[in-house]
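Peer 1:
In mature numbering (1 follows the signal peptide of the UniProt record, and there is no 0), the protein residues as written are -20 to -1, 1 to 613.
#1: Taking the C-alpha atoms as reference points, what is the distance between residue 157 and residue 229?
#2: From residue 257 to residue 212, what distance separates their C-alpha atoms?
#3: Nearest by alpha-carbon distance to residue 96: which of 457, 408 and 111 is it?
#4: Give the DSSP-derived three-state secondary structure of residue 331 in the structure shown.
#5: Could you check how far apart the C-beta atoms of residue 194 and residue 187 are, in whole angstroms? I think they sit under 8 Å.
#6: Going by the DSSP bridge assignment, what does residue 111 pair with across the sheet?
#7: Flag this pair as touching only if the stretch 296 to 316 and the stretch 386 to 398 have three or more C-beta atom pairs under 8 Å; answer yes or no.
#8: The beta strand (DSSP E) that contains residue 456, what's its start and end?
#9: Please state whether the Cβ-Cβ distance between residue 389 and residue 454 is less than 9 Å.
#10: By how many angstroms is the C-alpha of residue 254 removed from the C-alpha of residue -4?
#11: Opposite residue 132 in the DSSP bridges: which residues?
#12: Express the C-alpha separation of residue 208 and residue 357 in angstroms, rounding to a whole number.
#13: Quick check: what's the CA-CA separation for residue 503 versus residue 562?
#14: Residue 321 by DSSP, collapsed to three states: which one?
#15: Span of the beta strand (DSSP E) holding residue 314?
#16: Out of 272, 474 and 287, which one is the CA nearest neighbour of residue 355?
#17: Can you grab the Cα-Cα spacing for the pair residue 42 / residue 480, in whole Å?
#18: Nearest-angstrom Cα distance between residue 152 and residue 306?
#19: Going by alpha carbons, who is nearest to residue 18 out of 101, 385 and 5?
#20: Any idea what DSSP makes of residue 301, helix, strand or coil?
#21: Buried or exposed: residue 126, going by 16 or more other Cβ atoms within 10 Å of its Cβ?
#22: Since residue 401 and residue 364 should fall inside the 8 Å C-beta cutoff, what is the C-beta to C-beta distance between them, to a whole number of angstroms?
#23: In whole angstroms, what is the alpha-carbon distance linking residue 216 and residue 310?
#24: Taking the alpha-carbon positions, what's the residue 68 to residue 245 distance?
#25: How would you label residue 565, buried or exposed, when you count the other beta carbons within 10 angstroms and need 16 or more for buried?
#26: Nearest CA to the CA of residue 347: which residue from 505, 335, 108 and 300?
#27: Out of curiosity, what's the CA-to-CA distance linking residue 431 and residue 415?
#28: Between the Cα of residue 403 and the Cα atoms of 31, 13, 9 and 8, which residue gives the shortest distance?
#29: Pick out whichever of 128, 412 and 466 has its Cα sitting closest to the Cα of residue 32.
#30: When DSSP builds the beta bridges, which residues end up paired with residue 282?
#31: How many Å lie between residue 21 and residue 15 at the Cα?
#32: In three-state DSSP terms, what is residue 519?
#33: Roughly how many whole angstroms lie between the Cα atoms of residue 55 and residue 34?
#34: Residue 476 by DSSP, collapsed to three states: which one?
#35: Using only the alpha-carbon positions, how far apart do residue 360 and residue 380 sit?
#36: The alpha helix (DSSP H) that contains residue 450, what's its start and end?
Here is the structure:
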């Protein structure tokens, strides 16, 4: 029994950090279709994956499901068009026929103007097709990639890169086997020879255009099965690998048609001070910068306790590890050129360089070992998309198992949870997200529905300047009349959300507002009979605000009782009587800004009160008739 109690106490201590308030990260507001413009399009099949591609038209996208390609226009009388023309040949005129076993797995825009590139696999080989982006969308066999001897699955990341007028298709193969790894198809076919270690690839990222084009690289983010058999070892190890785009493979005698520049390094994501570490890499998204080495890589992780974390790296940090770290298991002098360095002709590399790449390609140092996560939360996230808002920080969109999305502001390496978006009418699993930064639209796909979210929808934050500023939404600002899409002339405070900025404006008095406390107006009159139990309701907008009830200007000691999902702040009137008569006011306070959200005038219903008094007198009479004879006895 004593041992059991000690074990319970140990578990309590073990899970204690998870209850810390720093891990809750509650969104400030919850937004449904009543608040935000969610445009919806139904799909004609149940899909296990969705691939998005931005169309050449505004508010229009392409979406590839399992067997169908859709052209979705969210501002049209006919919002969704199923591409019925045959993609893979006459045998696939009916996508449901047994002869058509090709699942759509690749969707890109080609280097040629207004041309679509699409591939599908039957599990053995991959067929690719081209089509002009006109009204007919007739597909023809791809000239550059007619047939690919690799099953490109729907979960594999792909990149179509145009280099010096030549297109190369980069893709990956996850799992176990000799061909698992990074593959390139095009002018020079390159593949990876892998051992028995299982690998799952999540993202391919181009390093960006460098001053020296020869040094352009591709980064692959993946997890590999941990070969360490220790009891406390994690099941997966997060990794990043690099390959040179100029790589042509090795000479005929060694690494021919294989990468001569492939190096790998572990990704570190954790907080050693709190003993929280994250090894399961889930998703990756990037925000490109003007300089290639400042491009930010946002990596979404989970750990064995089901917690999520976001760690941020730069391509410069990743490149520095591959350029300076020692090679794991290699103790001799490093040859020149350094293994992994991009060279003009990799077929002429010396044997010592090729041997290190083949046998000792992992770096000793990890990427991000001296950094802390941007956020750690008990939430279970599956996808991440990030938007760069010029001069105002970055905005993260994190999808939950329930189909909801958290909108998070990253500012000065701090995370502020702006809102929880509920784009679907029911609980569902989000298969894919795509952000279109220039139009400020987020596209989300489930198994049978596509949703467009207007990120610059601002009216939901309230009809006062302070409400708009407190939101700290980089997309929104106060224009003197309402909360709207932010411009150089609107009022906002993304850094702190200080409502005092509404009290003055140096540019013009047009935006000047009055006072810091908002009044709602005349109280709602409610008449209640004597002894009745009743709830007063108050709408809660912000989860970061403090709510209180006032009775005749005095605070009511009873705290709010919150209801779900409406999130109403309730005040219970236990029993209506003369002492409960009067004005009740619900007040919120956030960052020093107070406002009245609800006001009620409670009165005793005279008719009901009279009836109650007659009924009470009758009861008293009955009691007296019963008690008096008893007393005489």
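Where a beta carbon is used, it is the ideal one built from N, C-alpha and C, also for glycine.
Note that the coordinates shown come from a computational prediction; the quantities given were computed from them, not determined experimentally.
Peer 2: The structure says:
#1: Each residue's alpha carbon lies about 20 Å from the other.
#2: It is roughly 12 Å from the alpha-carbon of residue 257 to the alpha-carbon of residue 212.
#3: The residue with the shortest Cα to Cα distance from residue 96 is 111.
#4: In the structure shown, residue 331 sits in a helix (DSSP, three-state: H, G or I).
#5: Incorrect: roughly 12 Å between the Cβ atoms, too far for contact.
#6: Bridge partners of residue 111: 96.
#7: The stretch 296 to 316 vs the stretch 386 to 398: no contact.
#8: Its beta strand (DSSP E) spans residues 456 to 458.
#9: With a cutoff of 9 Å on beta-carbon distance, residue 389 and residue 454 are scored as near each other.
#10: Residue placement at residue -4 is poorly supported in this model, since its pLDDT is 35, which falls under 50; the coordinates are not used for a value here.
#11: Answer is none; residue 132 lacks a bridge partner.
#12: Our two residues, residue 357 and residue 208, have alpha carbons roughly 28 Å apart in a direct line.
#13: So the two alpha carbons sit approximately 10 Å from each other.
#14: DSSP places residue 321 outside both helix and strand once states are collapsed to three, so it counts as coil.
#15: No beta strand (DSSP E) contains residue 314, which DSSP labels as neither H nor E.
#16: Looking at 272, 474 and 287, the one whose alpha-carbon comes closest to that of residue 355 is 287.
#17: Answer to the nearest angstrom: the Cα atoms are 45 Å apart.
#18: The straight-line gap from Cα to Cα measures roughly 26 Å.
#19: Comparing C-alpha distances from residue 18 to each of 101, 385 and 5 shows the shortest one belongs to 385.
#20: The three-state secondary structure of residue 301, taken from DSSP, is helix.
#21: Under this definition residue 126 is an exposed residue.
#22: That belief does not hold up - the Cβ atoms of residue 401 and residue 364 are roughly 14 Å apart, past 8 Å.
#23: So the two alpha carbons sit approximately 24 Å from each other.
#24: Distance between the alpha carbons of residue 68 and residue 245 is about 39 Å.
#25: In this structure residue 565 is buried. Its beta-carbon is surrounded by 16 or more other beta-carbon atoms within 10 angstroms.
#26: Cα-wise, what sits closest to residue 347 is 300.
#27: Straight-line Cα distance between these residues: approximately 12 Å.
#28: Closest in alpha carbon position to residue 403, among 31, 13, 9 and 8, is 13.
#29: Taking only the C-alpha atoms, the option nearest residue 32 is 412.
#30: Answer is 260 and 288.
#31: So the two alpha carbons sit approximately 19 Å from each other.
#32: Three-state DSSP puts residue 519 in a strand.
#33: Residue 55 and residue 34: Cα-Cα distance of roughly 15 Å.
#34: In this structure, residue 476 counts as coil in the three-state DSSP scheme.
#35: When rounded, the distance between both Cα atoms is 6 Å.
#36: Counting along the chain, the unbroken alpha helix (DSSP H) around residue 450 starts and ends at 445 to 450.
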